[in-house]
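Protein chains: 2
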Amino acid sequence: MSDIAMIRAAAERLRGHARRTPLLSSPFLDEIAGRRVLVKPECLQHTGSFKYRGARSAISALDANVRDRGVIAFSSGNHAQGVTLAAREHGIPAVIIMPGDAPAMKIENTRALGAEVVLYDRANEDRDAIGARLASERGLTLIKPFDEPLVIAGQGTTGLEIAEDARALGIERADVLVCCGGGGLTSGIALALEADAPGLRARPCEPEGFDDVARSLISGQIERNTKLTGSICDAIVTPSPGEITFPILKRLCGPGFVVTEEECLHAMALAWARLKLVVEPGGAVALAAALWRKDQIEGDAVIALISGGNVDREMFLNALDRFGDQI
Amino acid sequence: MSDIAMIRAAAERLRGHARRTPLLSSPFLDEIAGRRVLVKPECLQHTGSFKYRGARSAISALDANVRDRGVIAFSSGNHAQGVTLAAREHGIPAVIIMPGDAPAMKIENTRALGAEVVLYDRANEDRDAIGARLASERGLTLIKPFDEPLVIAGQGTTGLEIAEDARALGIERADVLVCCGGGGLTSGIALALEADAPGLRARPCEPEGFDDVARSLISGQIERNTKLTGSICDAIVTPSPGEITFPILKRLCGPGFVVTEEECLHAMALAWARLKLVVEPGGAVALAAALWRKDQIEGDAVIALISGGNVDREMFLNALDRFGDQI
Numbered sequence: 000m001s002d003i004a005m006i007r008a009a010a011e012r013l014r015g016h017a018r019r020t021p022l023l024s025s026p027f028l029d030e031i032a033g034r035r036v037l038v039k040p041e042c043l044q045h046t047g048s049f050k051y052r053g054a055r056s057a058i059s060a061l062d063a064n065v066r067d068r069g070v071i072a073f074s075s076g077n078h079a080q081g082v083t084l085a086a087r088e089h090g091i092p093a094v095i096i097m098p099g100d101a102p103a104m105k106i107e108n109t110r111a112l113g114a115e116v117v118l119y120d121r122a123n124e125d126r127d128a129i130g131a132r133l134a135s136e137r138g139l140t141l142i143k144p145f146d147e148p149l150v151i152a153g154q155g156t157t158g159l160e161i162a163e164d165a166r167a168l169g170i171e172r173a174d175v176l177v178c179c180g181g182g183g184l185t186s187g188i189a190l191a192l193e194a195d196a197p198g199l200r201a202r203p204c205e206p207e208g209f210d211d212v213a214r215s216l217i218s219g220q221i222e223r224n225t226k227l228t229g230s231i232c233d234a235i236v237t238p239s240p241g242e243i244t245f246p247i248l249k250r251l252c253g254p255g256f257v258v259t260e261e262e263c264l265h266a267m268a269l270a271w272a273r274l275k276l277v278v279e280p281g282g283a284v285a286l287a288a289a290l291w292r293k294d295q296i297e298g299d300a301v302i303a304l305i306s307g308g309n310v311d312r313e314m315f316l317n318a319l320d321r322f323g324d325q326i
Numbered sequence: 000m001s002d003i004a005m006i007r008a009a010a011e012r013l014r015g016h017a018r019r020t021p022l023l024s025s026p027f028l029d030e031i032a033g034r035r036v037l038v039k040p041e042c043l044q045h046t047g048s049f050k051y052r053g054a055r056s057a058i059s060a061l062d063a064n065v066r067d068r069g070v071i072a073f074s075s076g077n078h079a080q081g082v083t084l085a086a087r088e089h090g091i092p093a094v095i096i097m098p099g100d101a102p103a104m105k106i107e108n109t110r111a112l113g114a115e116v117v118l119y120d121r122a123n124e125d126r127d128a129i130g131a132r133l134a135s136e137r138g139l140t141l142i143k144p145f146d147e148p149l150v151i152a153g154q155g156t157t158g159l160e161i162a163e164d165a166r167a168l169g170i171e172r173a174d175v176l177v178c179c180g181g182g183g184l185t186s187g188i189a190l191a192l193e194a195d196a197p198g199l200r201a202r203p204c205e206p207e208g209f210d211d212v213a214r215s216l217i218s219g220q221i222e223r224n225t226k227l228t229g230s231i232c233d234a235i236v237t238p239s240p241g242e243i244t245f246p247i248l249k250r251l252c253g254p255g256f257v258v259t260e261e262e263c264l265h266a267m268a269l270a271w272a273r274l275k276l277v278v279e280p281g282g283a284v285a286l287a288a289a290l291w292r293k294d295q296i297e298g299d300a301v302i303a304l305i306s307g308g309n310v311d312r313e314m315f316l317n318a319l320d321r322f323g324d325q326i
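Heads up: the sequence lines are chains A and B, in that order. The first sequence begins at 0 in numbering that gives the first Met the number 0 and counts up one residue at a time. The second sequence begins at 0 in numbering that gives the first Met the number 0 and counts up one residue at a time.
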């Protein structure tokens, strides 16, 4: 259902809309990692995360008469902002269902971009049920955060860019570390790399305690997280990999990485100092793995994707306070 | 002496070395500015500032037997790092003369990249004299920070990229606001725009109290700053525009902008929140002018260059503490 043709079609629809992010690097990061580190900074994407790609891909592919009734999405904040901006660009309404404990900046930004925001309790309410009800009441189209081929295709455009830029840098074999929640981005990138850069291998990265994808890849079947709250990596905490994304991950990805929250905060401080990037905790897991899981990585170079930069000031100051002098 | 042919030749020498930075934007910045704001983030350039372009341009153009003896530069930190990295890439030694009050991170990074760093007193010593003596003693080639055609040509490659990307965005007439010290970057961009985007006009931006270029453009002759210390915008404080840069600025630039240090800190906080960029105070003057000098800007869009992101933690925290809740 998801394939490279869908990704290339999404890339056409996104042309002139999604931002073409570069690959960044720093000799200081290379030194820590013991190999060449290339960073794909999707925190520089519109709305501060890669989520805009999938949202615009899905919304732009809807029939106009369906699209005009509006869209609905559930999200801790990055998918929310991506869907809201893509909806605004199409001149249609967006309703966003967000957990009440999402970073304040994400909630505020989503509202400021024009969405109607509905808050729910992440621990006790089923966001899918809330979304389905509102969608049916108002005739809205649900834009799923990851388990949707058009969304996977949009996220996969990131992989096309990685393949192209890695080739230009002479990198033919390398692990591509991807911050992974439900697996939409990772599966999309894996499909793109399979087609355009078969020597590059996608590998999902997660925070300790929320490593459903890493465990699923080990067991060969979909595993679930035992909890869904309590992580600073809010952007990439989901119950489990998706029914659509997991078979792709299983077929194409290398083993997953698990990093600690401390390592995420340290990676945020290094991204601040060495890349001049603002990264959110969940967006830093892949960079953390690239820097501090060197024995689990193969090759002379590693590519790490930064998935987003929508971080509250308090959390960002925490990272700089703790690790700003260890750069 | 400096012309578009030199800039195009520098672009060829920099191809595959200098980073091609994108144009970024945020609807939140557009709203503040009252027009479309495009940001050219040279904080993402190698070594965290545009200075790498000019340094690599100059060093790569030297005769190999001259180059092999090494290079010397004086700089508050950004030119220092650019020259050091470009020298390292060519396998040659670099001696860098830096003011003792330069941000600690800049001094440390310059040393870590492999330079021999010589500190001097910005208020009481003549860095030109120190540089000339060391250069003659060791046979080093002096890489001037701005008043050198090969350096201007390298910085001007930024303007070629702005012209190309503005055209792709449909922007035909706009002011291009540039953080300006001695005028190497501004004059290079002005020359590039004259050739490739004659509807775009470069305009220098400076901090209050160090507005030698703005005053020089008004009087029509080179004016000097009355002081050279006491600014948080260390990166762009120079005594006066250069003998080579000023005639170019005078011929091609629109009037200069002067912003306050408070506005620079506020722009840094906005770049953190809205662009996910780490910007140093001197690198934020053009963004500050784009946001808060709207009556002095012409056109529906404005392009603001961020010149660098090499900021100490204390200064960065200061910006977020003061303005992180005014975003």
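For glycine and all other residues, C-beta sits at the position ideal for the given N, C-alpha and C.
Through-space distance from residue j to residue i, alpha-carbon basis
i, j, result
"Val257/B", "Ile231/B", "14 Å"
"Ser56/B", "Ile142/B", "10 Å"
"Gly241/B", "Leu248/B", "10 Å"
"Asp120/B", "Ala101/B", "10 Å"
"Cys178/A", "Gly282/A", "6 Å"
"Ser215/A", "Gly255/A", "9 Å"
"Glu88/A", "Glu260/B", "36 Å"
"Ser306/B", "Arg12/B", "21 Å"
"Gly208/B", "Pro238/B", "12 Å"
"Val150/A", "Ala54/A", "6 Å"
"Ser25/B", "His16/A", "13 Å"
"Ala167/B", "Arg18/A", "12 Å"
"Pro206/B", "Leu286/B", "12 Å"
"Ile221/B", "Asp299/A", "52 Å"
"Ala103/A", "Cys263/A", "20 Å"
Distance cut-off 6 Å: residue i Cβ against heavy atoms of the ligand ADP
i, result
"Ala196/B", "The ligand content of the structure shown is nil, which means the ligand ADP is not present either."
DSSP-derived helix/strand/coil call for residue i
i, result
"Cys232/A", "coil"
"Cys178/B", "strand"
"Ile53/B", "Here the sequence assigns Gly to residue 53/B, which means Ile is not the residue at that position. Note: Gly53/B maps to helix in three-state DSSP."
"Phe209/B", "coil"
"Gly155/B", "helix"
"Ala189/A", "helix"
"Gly183/A", "helix"
"Leu22/B", "coil"
"Val36/A", "strand"
"Ala4/A", "helix"
"Leu199/B", "strand"
"Ala111/B", "helix"
"Ile243/B", "coil"
"Ile217/A", "helix"
"Ile302/B", "strand"
"Ala79/A", "helix"
"Ala173/A", "strand"
"Lys226/A", "coil"
"Arg14/A", "coil"
"Ile326/B", "coil"
Beta-bridge pairing of residue i - partner residues as DSSP gives them
i, result
"Thr140/A", "Val70/A"
"Phe256/A", "Cys204/A"
"Ile95/B", "Ala72/B, Val116/B"
"Ala287/A", "According to DSSP, Ala287/A bridges with nothing at all."
"Ser48/A", "Gly307/A"
"Leu276/B", "Leu276/A"
"Ile296/B", "Paired residue(s): none; Ile296/B is not in a bridge."
is_contact[residue i, chain A] using C-beta, thresh 7 Å
i, result
"Cys42/B", "yes"
"Gly323/B", "yes"
Any chain B beta carbon closer than 7 Å to residue i
i, result
"Leu319/A", "yes"
"Arg312/A", "yes"
"Gly308/A", "yes"
### Task
Pull out every residue of the region 265 to 292 of chain B whose Cβ sits closer than 7 Å to any Cβ of chain A, in chain order.
Trp271, Lys275, Leu276, Val277
### Query
For the region 44 to 63 of chain B, which residues have a beta carbon sitting closer than 7 Å to at least one beta carbon of chain A?
Gly47
### Message
So if I threshold CB-CB distances at 9 Å, which residues from the region 101 to 132 of chain B count as touching chain A?
### Response
Met104, Asn108, Ala111, Leu112
### Message
To be precise: take each residue of the region 0 to 20 of chain A, compare its Cβ to all Cβ atoms of chain B, and keep it if any distance is under 9 Å. Which residues remain?
### Response
Gly15, Arg18, Arg19, Thr20
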